[in-house]
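Undergrad:
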Amino acid sequence: FSFLQEMLRYVLGLLLLLHSTDSFYVPGVAPINFHRNDPVEIKAVKLTSSRTQLPYEYYSLPFCQPSKITYKAENLGEVLRGDRIVNTPFQVSMNVEKKCEVLCNFPNKPVTLTVEQSKLIAERIREDYYVHLIADNLPVATRLEFYSNREEEEKKKEKDVQFEHGYRLGFMDGNKFYLHNHLSFILYYHREDVEESQEHTYRVVRFEVIPQSIKLEDLKADEKSMCTLPEATGSAPQEIDPTKENQLLFTYSVHWEESDIKWASRWDTYLTMSDVQIHWFSIINSVVVVFFLSGILSMIIIRTLRKDIANYNKEDDIEDTMEESGWKLVHGDVFRPPQYPMILSSLLGSGIQLFCMILIVIFVAMLGMLSPSSRGALMTTACFLFMFMGVFGGFFAGRLYRTLKGHRWKKGAFCTATLYPGVVFGICFVLNCFIWGKHSSGAVPFPTMVALLCMWFGISLPLVYLGYYFGFRKQPYDNPVRTNQIPRQIPEQRWYMNKFVGILMAGILPFGAMFIELFFIFSAIWENQFYYLFGFLFLVFIILVVSCSQISIVMVYFQLCAEDYRWWWRTFLVSGGSAFYVLIYAVFYFVNKLDIVEFIPSLLYFGYTALMVLSFWLLTGTIGFYAAYMFVRKIYAAVKID
Numbered sequence: 311f312s313f314l315q316e317m318l319r320y321v322l323g324l325l326l327l328l329h330s331t332d333s334f335y336v337p338g339v340a341p342i343n344f345h346r347n348d349p350v351e352i353k354a355v356k357l358t359s360s361r362t363q364l365p366y367e368y369y370s371l372p373f374c375q376p377s378k379i380t381y382k383a384e385n386l387g388e389v390l391r392g393d394r395i396v397n398t399p400f401q402v403s404m405n406v407e408k409k410c411e412v413l414c415n416f417p418n419k420p421v422t423l424t425v426e427q428s429k430l431i432a433e434r435i436r437e438d439y440y441v442h443l444i445a446d447n448l449p450v451a452t453r454l455e456f457y458s459n460r461e462e463e464e465k466k467k468e469k470d471v472q473f474e475h476g477y478r479l480g481f482m483d484g485n486k487f488y489l490h491n492h493l494s495f496i497l498y499y500h501r502e503d504v505e506e507s508q509e510h511t512y513r514v515v516r517f518e519v520i521p522q523s524i525k526l527e528d529l530k531a532d533e534k535s536m537c538t539l540p541e542a543t544g545s546a547p548q549e550i551d552p553t554k555e556n557q558l559l560f561t562y563s564v565h566w567e568e569s570d571i572k573w574a575s576r577w578d579t580y581l582t583m584s585d586v587q588i589h590w591f592s593i594i595n596s597v598v599v600v601f602f603l604s605g606i607l608s609m610i611i612i613r614t615l616r617k618d619i620a621n622y623n624k625e626d627d628i629e630d631t632m633e634e635s636g637w638k639l640v641h642g643d644v645f646r647p648p649q650y651p652m653i654l655s656s657l658l659g660s661g662i663q664l665f666c667m668i669l670i671v672i673f674v675a676m677l678g679m680l681s682p683s684s685r686g687a688l689m690t691t692a693c694f695l696f697m698f699m700g701v702f703g704g705f706f707a708g709r710l711y712r713t714l715k716g717h718r719w720k721k722g723a724f725c726t727a728t729l730y731p732g733v734v735f736g737i738c739f740v741l742n743c744f745i746w747g748k749h750s751s752g753a754v755p756f757p758t759m760v761a762l763l764c765m766w767f768g769i770s771l772p773l774v775y776l777g778y779y780f781g782f783r784k785q786p787y788d789n790p791v792r793t794n795q796i797p798r799q800i801p802e803q804r805w806y807m808n809k810f811v812g813i814l815m816a817g818i819l820p821f822g823a824m825f826i827e828l829f830f831i832f833s834a835i836w837e838n839q840f841y842y843l844f845g846f847l848f849l850v851f852i853i854l855v856v857s858c859s860q861i862s863i864v865m866v867y868f869q870l871c872a873e874d875y876r877w878w879w880r881t882f883l884v885s886g887g888s889a890f891y892v893l894i895y896a897v898f899y900f901v902n903k904l905d906i907v908e909f910i911p912s913l914l915y916f917g918y919t920a921l922m923v924l925s926f927w928l929l930t931g932t933i934g935f936y937a938a939y940m941f942v943r944k945i946y947a948a949v950k951i952d
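Residue numbers (the numbering used here): 311 to 952.
1) Hey, how far is the Cα of G678 from the Cα of R478?
2) When the Cα atoms are used, what is the spatial distance from R394 to A723?
3) Within the continuous beta strand (DSSP E) that includes E474, where are the two ends?
4) Using a threshold of 8 Å, state whether the C-beta atoms of V884 and K809 are closer than that.
5) What are the boundary residues of the alpha helix (DSSP H) that V864 is part of?
6) What's the C-alpha gap between V436 and F487?
7) Report the residue from N405, P755, T358, D446 whose alpha carbon sits nearest the alpha carbon of A340.
8) Which one of C871, G605, L413 has the shortest CA to CA distance from E802?
9) Can you give me the Cβ contacts of G338 inside the same chain, cut-off strictly under 7 Å, excluding the 5 residues immediately before and after it?
10) Hey, quick one: how far does the alpha helix (DSSP H) through S888 stretch, first residue to last?
11) Pull up the distance between the alpha-carbon of Q799 and that of V942, whole angstroms please.
12) Would you be able to state if there are at least three C-beta pairs under 8 Å between the stretch 376 to 391 and the stretch 528 to 536?
13) Check for me: the beta strand (DSSP E) holding D532 runs from which residue to which?
14) Closer than 8 Å is the cut-off here; do at least three beta carbon pairs connect the stretch 921 to 939 with the stretch 888 to 895?
15) On the three-state DSSP scale, how would you describe H310?
16) How would you write the range of the beta strand (DSSP E) that Y488 sits in, first residue to last?
17) Taking the CB atoms as reference points, tell me whether Y366 and S750 lie closer together than 8 Å.
18) Here's the rule: buried if 16 or more other CB atoms are within 10 angstroms of the residue's CB, otherwise exposed. What is I352?
19) Would you kindly work out how many angstroms separate the C-alpha atoms of Y964 and R501, rounded to a whole number?
20) Check whether the Cβ atoms of A753 and S862 sit closer than 8 Å, and answer yes or no.
21) If you draw a straight line from the alpha carbon of L539 to that of L454, how long is it in whole angstroms?
22) Using a 10 Å radius around the Cβ and a threshold of 16 neighbouring Cβ atoms, would you call A546 buried or exposed?
23) Note down the Cα distance separating Y335 from T793, rounded to an integer number of angstroms.
24) What's the C-alpha gap between E827 and T930?
25) DSSP three-state label for F832, please.
26) Report buried or exposed for N742, applying the criterion of at least 16 other Cβ atoms within 10 angstroms of its Cβ.
27) In terms of residue numbering, what span does the beta strand (DSSP E) encompassing Y562 cover?
28) Per DSSP, what kind of secondary structure is D528 in: helix, strand or coil?
29) Rounded to the nearest angstrom, how far is the Cβ of S604 from that of S857, given a contact under 8 Å?
30) With a Cβ-Cβ cutoff of 8 Å, do N347 and V406 count as a contact?
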């Protein structure tokens, strides 16, 4: 157990280190210094709703438009996320207050919404849409203040503050729809230290909004586009009636406040939205449990194996060796190539590709280089890395295919390069057609799709062929025992040796180690939260690798003891058992956490979940397979066989 204690000490040290580097943050962009009166551009990103999962671009609704609409050039990750960053007519200057200003250019002439536009706005309000704006690359947030369940006396003193991404498009009261047509922007700046002779420079460190709904009659607008806001108590909200034309004014005000927050830690407000303490306890809990179980499993397996090997090697000296039992019996069949070796090696090649990609992405993100401030960087990096990791995928697949007595290496390489990516592309294409039909900005544009296909066939395919060629030419894996000519008969297996029972048993430990993290990842994907805890994720990934390997070794040991030598495919399937639990968890999350009711959002959810489960099965199956293969080669090399 000394090894286990050392491991635990190391893990806790790593967690403390991660906690101390919480505020350390490698920014994705250089800070912009503003002087007083400098324009601070406010851009719109998209409209999102966790009820429909369909993002829309800002001008899909009849908001006020600037004289010239310009879209920002976007990276691959932003396009795939559905971001369409565009300029807006808000005029904001650094450290210049604005009481109330009309947004569209004609103050005395209100905006008239047609019946169609009114209907669309009412529908988006019903679907609970949020509007996302950015100022100096900082997303807008709505402050939510509420009293926590403390003692009565303390309640009066202290409120808990949480932030919500974006602001609500509007709200419903009974069957009536109200639009937030007045935005009060509150921007916080940090004054930079400069020499006395120089002009002060400012940096934007927080961007909040208080959305309000104010009736047209209550907003008094004059010729200069100025307006006066009514008293808070006496104003009525701006109703949108979907059955007729509606008249309203879009207005905004700007308030600046000085803040002590440094530019480098300006994202902390957005990232500490959920309770981190629960996260710490759950991670430490799963680390301790998994390493404890792993230690026990390792000890049991090592002691049992030593006894087995000692007995088998002793038996060689005794005459009655005919009564062998257990895993030594199947030594002449254990390395017999399985059915469909090409498909097995192709899937394992894709698993290696995924493993390398995930490991590098999480590690780089843990160092802070793929922070939420560099939008879409994570998706872009993952896509490119998957393409380039084709070399390793091809190499491992080629070498394994040769070990399994395969001869058609070109066909094998093509299968490795197209099997898993082809399934992913097929599912994404079908889902994309549905999103296109809804005119959502989440639909991948046709040029981007062509670019992805070019990357697949222009980068990934040649690299897989290259890796496969070298892997196939390399010496195959050295198997320590010869395979018999005639296959041995397999005795009837007990009920608990069934594949499905194996999948259920093998999936529990790896899934238990990571399901808390899964909750945060699902929230990030489906509820528009930011996911940033890559230090935790790296640790969970290591736990996952350890637990998958061990469970796989235990399962293959039991199988060989039951004299069943068909372990190749079975190990791959059983090690990916935790993917089955991920699927069940995804269904549970859908029913309990999301209030998605329509067909297309549900289809999107389960389509993307199927991709996640498939990828996770490939990843864990590959880890388990290689652990089991190394284990089987080791134990058969340790016994004397005539």
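Just so it is clear, CB atoms sit at the ideal spot from N, CA and C, and this is done for glycine as well. Please read all numbers here as calculations on a predicted model, not as lab measurements.
TA: The relevant details are as follows:
1) Locating residue 678 in the sequence shown gives position 368, where the first residue counts as 1. Locating residue 478 in the sequence shown gives position 168, where the first residue counts as 1. Distance between the alpha carbons of G678 and R478 is about 30 Å.
2) Here residue 394 refers to the residue found at position 84 of the sequence shown. Here residue 723 refers to the residue found at position 413 of the sequence shown. So the alpha carbons of these two residues sit roughly 38 Å apart.
3) Position 164 of the sequence shown holds residue 474. Residues 470 to 475.
4) Reading the sequence shown from its first residue, position 574 is the one you call residue 884. Reading the sequence shown from its first residue, position 499 is the one you call residue 809. In contact: V884 and K809 (Cβ atoms closer than 8 Å).
5) Taking the first residue of the sequence shown as 1, we reach residue 864 at position 554. Note, V864: alpha helix (DSSP H), 844 to 871.
6) Along the sequence shown, read from residue 1 onward, the residue named residue 436 stands at position 126. Along the sequence shown, read from residue 1 onward, the residue named residue 487 stands at position 177. Reading off the sequence shown, one finds Arg at residue 436, where the question assumed Val. Answer to the nearest angstrom: the Cα atoms are 8 Å apart.
7) Taking the sequence shown and counting its residues from 1, one reaches residue 340 at position 30. When each option's Cα is compared against that of A340, the closest is D446.
8) Residue mapping note: residue 802 aligns to position 492 of the sequence shown, counting from 1. If we check each option's Cα against that of E802, C871 comes out closest.
9) Stepping through the sequence shown from its first residue, residue 338 is reached at position 28. Reliability fails at G338, whose pLDDT of 47 lies under 50, so the model's placement of it is uncertain and no value is given.
10) Residue mapping note: residue 888 aligns to position 578 of the sequence shown, counting from 1. Segment 888 to 902, the alpha helix (DSSP H) holding S888.
11) Along the sequence shown, read from residue 1 onward, the residue named residue 799 stands at position 489. Along the sequence shown, read from residue 1 onward, the residue named residue 942 stands at position 632. Going by the C-alpha atoms only, they are around 20 Å apart.
12) no
13) By 1-based counting over the sequence shown, the position of residue 532 is 222. Counting along the chain, D532 falls outside any beta strand (DSSP E), and DSSP gives it neither H nor E.
14) yes
15) An answer regarding residue 310 cannot be provided, because it is not within the stretch 311 to 952 covered by the chain.
16) As a working mapping, residue 488 is identified with position 178 in the sequence shown. Note, Y488: beta strand (DSSP E), 486 to 489.
17) Mapped onto the sequence shown, residue 366 falls at position 56. Mapped onto the sequence shown, residue 750 falls at position 440. Cβ distance < 8 Å, so Y366 and S750 count as in contact.
18) Looking up residue 352 in the sequence shown gives position 42. It counts as buried.
19) Past the edges of the chain, shown from 311 to 952, lies residue 964, and the structure says nothing about it.
20) Here residue 753 refers to the residue found at position 443 when the sequence shown is read from its first residue. Here residue 862 refers to the residue found at position 552 when the sequence shown is read from its first residue. Not a contact, by the Cβ cut-off of 8 Å.
21) For this step, residue 539 is matched to residue 229 along the sequence shown. For this step, residue 454 is matched to residue 144 along the sequence shown. Approximately 22 Å, taken between the alpha carbons.
22) Within the sequence shown, residue 546 is the residue found at index 236, counting from 1. When all chains shown are included, A546 counts as exposed.
23) In the sequence shown, the residue the question calls residue 335 occupies position 25. In the sequence shown, the residue the question calls residue 793 occupies position 483. Below a pLDDT of 50, predicted positions are generally treated as unreliable, and Y335, at 40, falls in that range; the measurement from the model is reported next regardless. Their backbone Cα atoms lie some 56 Å apart in a straight line.
24) The residue you call residue 827 lines up with position 517 of the sequence shown. The residue you call residue 930 lines up with position 620 of the sequence shown. Those two C-alpha atoms are separated by around 16 Å.
25) Locating residue 832 in the sequence shown gives position 522, where the first residue counts as 1. Helix.
26) Here residue 742 is taken as the residue at index 432 of the sequence shown, counted from 1. By the neighbour-count rule (16 or more Cβ atoms within 10 Å), N742 is buried.
27) Within the sequence shown, numbered from 1, the residue matching residue 562 stands at position 252. First-last of the beta strand (DSSP E) with Y562: 561 to 568.
28) For the purposes of this step, residue 528 is taken as residue 218 along the sequence shown, with counting starting at 1. Residue state, collapsed to three classes: helix.
29) Start at 1 with the first residue of the sequence shown, and residue 604 comes out as number 294. Start at 1 with the first residue of the sequence shown, and residue 857 comes out as number 547. Right, the Cβ-Cβ distance comes to about 7 Å (below 8 Å), so this counts as a contact.
30) On the sequence shown, position 37 is the one that residue 347 refers to. On the sequence shown, position 96 is the one that residue 406 refers to. It is a contact, given that the beta carbons lie within the stated cut-off.
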